[in-house]
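As structure tokens, the structure follows; a few thoughts come after it.
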Amino acid sequence: MAERRQPLTVEVDLEHGGRWTSLRTPHREWLWQRPSVLAERGAAHPGDAFVDAGGVEECFPTVAGRLDHGDVWSRRWTGTAADARVQASGWDLRRRMDVPDGLLTARYTVTGEPGRGLLHAVHGLYSLSESARVVLPSGTPMRVQDVAANGPWTSTAWPGVTSLERCGPEDGTAWLAVVATDTVQLVDGEDVLVLRWRMERGTGPVSLLLWRNLGGWPTGAPYRSIGVEPLLGAATDVDTAQPGQLARADDSGLSEWSVQVESLKN
């Protein structure tokens, strides 16, 4: 059966980090939410510990490290849903979103010091069944970390010995992976979500950051969450990344990249 595009609708919360709060078709909501912490999330201020409310967070200019989930998730953005911006850590981040013919494109422009390194993850947590799959070419290079066991980063190839393509039921594990790709598919029954991304200005790699938490994190109060995150860069911590793992603004202080999201039904 041919795949048919399903029109997408996106909603964002500019008051609280520019978070994407909904990404839906007429038939399903794609984003996972954590309603129990929405009040706490709404009260967060810069410098507070990260509050995982689900949806899509803009993790910038780092994902992990001393600024957990970055420096913009708790800040107020200005502008409109279609054209918004925020300033933090010496950077200006602008996001423009449009959905022509149901195909969502988010375009990012970063302005700052020429040559300075950065990371930016479009940190999407998706509502996926236990039978859903993350589809990538077999053998794609990646680095993985066993977060539940506080393990080291190791190099391997997709899907790895832990079969990261399977979303699966809760089993007490939590894995993080940085995969050398610029496209991914989420297949959940008849529904398919396709994400593609590319750098358009500046230097450095793009990657996929995959978070498969099947009840292995956090310690003491674990829950299931699946993160599929287009990544500008190839690391999680801007302070400890290797030079070649960072994206960098060009000589004029600009870096630009885009993320495209398409929902299909078989």
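Take the sequence shown: its letters are residues 193 to 458, numbered as in the numbering used here.
Backbone N, C-alpha and C define an ideal beta-carbon position, used for all residues, glycine too.
Asked, Found
"Alpha helix (DSSP H) segment containing R233, residue limits", "230-234"
"For A369 and L402, believed in contact at Cβ under 8 Å, the rounded distance", "4 Å"
"Close beta carbons around T213, own chain, < 6 Å, minus the five adjacent residues each side", "E203, D205, G247"
"Residue environment, N458, which counts as buried when at least 16 other CB atoms sit within 10 Å", "exposed"
"Coarse secondary structure for D284, derived from DSSP in three states", "strand"
"Residue burial classification, S266 (beta-carbon count within 10 angstroms, cutoff 16)", "buried"
"Counterpart residues of S450 in DSSP-defined beta bridges", "R299, R390"
"DSSP-derived helix/strand/coil call for G412", "coil"
"Pairwise C-alpha distance: T297 and G316", "14 Å"
"The beta strand (DSSP E) enclosing C359, as first and last residue numbers", "Counting along the chain, C359 falls outside any beta strand (DSSP E), and DSSP gives it neither H nor E."
"Helix, strand or coil at Q279 according to DSSP, with G and I counted as helix", "strand"
"As assigned by DSSP and simplified to three states, the class of G436", "helix"
"According to DSSP, residues forming a beta bridge with P253", "According to DSSP, P253 bridges with nothing at all."
"Sequence-distant residues of its chain with Cβ nearer than 6 Å to T375 (five each side left out)", "R388"
"Pairwise C-alpha distance: R197 and V336", "33 Å"
"Range of the contiguous beta strand (DSSP E) that encloses H312", "312-317"
"L400 vs Y318 beta-carbon contact at 8 Å", "no"
"Nearest residue (CA-CA) to V386, options E207, P238, L215", "L215"
"According to DSSP, residues forming a beta bridge with P218", "DSSP, once it has assigned bridges, lists no residue as partnering P218."
"C-beta contact flag for D363 and G412 at 8 Å", "no"
"A349 - containing beta strand (DSSP E), residue span", "345-349"
"Close-in-space but distant-in-sequence residues of the same chain around E448 (CB under 6 Å, 5 per side omitted)", "T301, E392, R393"
"E357 and V326 closer than 8 Å at C-beta", "yes"
"Three-state secondary structure (DSSP) of D338", "strand"
"For R404: DSSP bridge partner residues", "W367, I418"
"Cβ-Cβ distance between S450 and R390 below 8 Å", "yes"
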